[in-house]
Structure formats: structure tokens, C-alpha cells
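Note sheet for the following structure.
2 protein chains.
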Amino acid sequence: MSEDRLSRVFSALADPTRRDIVARLSVGDATVGQLAEPYGVSVQAVSKHLKVLEEAGLVSRSREAQRRPCHLEAEVFDLMTKWIERYRLRAEERFSRLDTVLAELNADESTTDQAQQSEQSHQRRGAAS
Amino acid sequence: MSEDRLSRVFSALADPTRRDIVARLSVGDATVGQLAEPYGVSVQAVSKHLKVLEEAGLVSRSREAQRRPCHLEAEVFDLMTKWIERYRLRAEERFSRLDTVLAELNADESTTDQAQQSEQSHQRRGAAS
DNA sequence: TCCTTAAACAACCAACTGGTTGAATACAAA
DNA sequence: TTTGTATTCAACCAGTTGGTTGTTTAAGGA
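Heads up: the protein sequence lines correspond to chains A and B, in order.
The opening residue of the first sequence carries number 37 in the working numbering; numbering runs sequentially from there.
The opening residue of the second sequence carries number 37 in the working numbering; numbering runs sequentially from there.
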């Protein structure tokens, strides 16, 4: 599923070094050595980071003599933004409906507490990944 | 900085169970017990997940008798989308400039290999987090 | 051929993660 | 006050992660 893919992408970007690598690749391809240079870590460590980014589909590598130039694959970003937008929009929609809810609460004399309220709204949840 | 915040947000969403919790909270607030119910894990485990989401700023909790209703904080999504869009746009811009590059390569008789190319483009990278 | 460079692989280690169970806390209701 | 319910805290465990160093592999240049 794209379920697992999404986990790998978010997980890959959870590390500051890896986000920095993505930032640098966004302006142009680079080799492992070039990417490792600015950090206080070994080339092997960066190689591991790149493997994570590659498995997440964020980076691809080509062959070129001994070098393995890394290239940023921007399409994967769509996967994230789609997921984010889905729930952001849903939450905002719910937020904008708040005035309606408040009006209903005013109309209703009984002090309907938030617990019941959340339970009701929870019932109309759908399975989502 | 928001550097660390971004790490926490991405890290929080790297777990499928936590993404599912976010999805469910997007349609309405819920208590820990309600959130735990559909999963084959203990309430304590879900409580831990909620702590992670809370520390990432994705979820806030109020008090209400013994219950701790959880609420989705959608603003944090902006942080992510801003980061993503920045590098996506940069990468796409570079991609759209590819025809210019190809034209230059045609004009240039010497077979400029990709290594030099990536090295050049890498020089105009800027520090970014 | 031999030497150098670029990168990956392997084994190891400390720290973190996601889960568990059991005990403590906070509040409501009897 | 006692009991029940909702949640958190604490200790523990197995698996993962991000780093290390040392050893291959792959390719170019002397």
C-alpha cells in the first residue's frame, strides 16, 4: 500500500540531516562525498541517510564511474501534501461549522456536555490511513 | 528553532497508528478511551501516542471530569506544507530549466559529463534546514 | 600492474521507540 | 467512605536507528 510508503517518507524527513540533504539536492544533484563534506559525520553515515531517502522514494541514484550522483524525486512530495490537505481541510471545515454548532447548543436547553458531543462526531468517522 | 518542531511533527506522523488518530480527530474530538478502542493495543500505548502528537503540537487536550478530550490542532500542518513547498518548487523550477540546459549542451560541442554538471549546480546551494 | 578515489557492506554500540504489565492518580457516583 | 472509571506513570523488553570503525568492491589513472 501507499500506507507504508507514507510512513517511510515521513520517517525519512523526521531527521534534520536528511531534510538538509533534501534541501541541498533541491538545487542540484550531488555525489555522496559532496553531500557528506559539510557535516561532522562520516561518509558512511551519509550513505546510510541516502539509503533511507532512496527507499522512501525521495532520492534516486545513477551510476557514473565510481560516483553515484543523487537526484531529488519531487513527486513523492505530492503524497504527503495530499494526506496533509485532506485532514487539514476536514478539520477546518469542522471549525468553520462551529458557529452552527454553537447556535444548536443555544437552541438546546439541556447542557449537552462535550463528551457526548465528541462521541457523536466520532461516530461519523471513516477508516483512513 | 522550528527546526526541532519540524522533526517532531514529521516523526509523529511517521507512525501509521498516529496518522490514523489524526485522521479520526479531524472529524471530531475524542477521549483516549474512544481512540484506543478500535486498535489491538492497550490504552497506555495510545496514551503514549497522544503524548507524542501533543509534543509535536498536533493535538491539544482539555480537562473534563476524568476524561481528557483530544483536539486536532491543524495549524501545525502549515509548517510542513511550507517546508515541502519550498523544496518542491525549487526542484520543479530547476526541472523546468532543463530545456535551457539541454540547449546549452547542444550548443556546446564538448561532451560535458554529468559529474561536472552536478558539481557546478551544487556550488550554488545554500544552507537550509 | 599498482595505487588512489568513491562508495557500500559488516559488525558493533548507545540511544530511542512502541509495545507490554502493574501501580498510582483524579474524579464521579453510590 | 468505598467503588468504579479514565488516564497517566514506571519499569521493563525487543527491535530499530544513527553513529562509529574496518573491510570490500568498483572504477580511473600512473
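Don't be surprised by glycine CBs; every beta carbon is placed ideally from N, CA and C.
As the structure is a prediction and not an experimental result, all values here were calculated from the model.
Within 9 Å, strictly: CB atoms of residue i and residue j
i                 : j                 : result
ARG44 of chain B  : ALA92 of chain B  : yes
MET116 of chain A : LEU42 of chain A  : yes
SER47 of chain A  : PHE46 of chain B  : yes
ARG124 of chain A : ALA59 of chain B  : no
VAL24 of chain B  : LEU94 of chain B  : The structure shown does not extend to residue 24 of chain B, since chain B is modelled only from 37 to 165, so the question has no answer here.
HIS85 of chain B  : SER98 of chain B  : no
PRO52 of chain A  : GLU39 of chain B  : yes
ALA127 of chain B : ALA50 of chain A  : no
LEU89 of chain B  : ILE120 of chain B : no
ARG103 of chain A : GLY76 of chain A  : no
Residue i (DSSP reduced to helix, strand or coil)
i                 : result
SER154 of chain B : Per-residue confidence for SER154 of chain B stands at a pLDDT of 39, beneath the threshold of 50, marking its modelled position as unreliable; no derived number is given.
ALA81 of chain B  : helix
ALA50 of chain A  : coil
GLU90 of chain A  : helix
GLU121 of chain B : helix
GLU73 of chain A  : coil
SER146 of chain A : Note that SER146 of chain A scores a pLDDT of 44, beneath 50, so its modelled location is shaky and nothing firm can be said.
ASP56 of chain A  : helix
ARG41 of chain B  : helix
SER132 of chain B : helix
Per DSSP, cross-strand counterpart(s) of residue i
i                 : result
GLU100 of chain A : A:GLN102 and A:ARG103
VAL95 of chain B  : B:LEU108
ALA127 of chain B : The partner list for ALA127 of chain B (beta bridge, DSSP) is empty, contrary to what the question assumes.
ALA66 of chain B  : B:CYS106
Burial state of residue i, where buried means 16 or more other Cβ atoms lie within 10 Å
i                 : result
GLN150 of chain B : With a pLDDT of only 39 at GLN150 of chain B, under 50, the local geometry of the prediction cannot be trusted, and the value read off the model is given with reservation. The residue in question, GLN150 of chain B, is exposed, as its Cβ has fewer than 16 Cβ neighbours within 10 Å.
GLY64 of chain A  : buried
PHE131 of chain B : exposed
VAL79 of chain A  : exposed
ARG55 of chain A  : buried
THR67 of chain A  : buried
PRO105 of chain A : buried
GLU145 of chain A : Below a pLDDT of 50, predicted positions are generally treated as unreliable, and GLU145 of chain A, at 47, falls in that range; no measurement from the model is reported.
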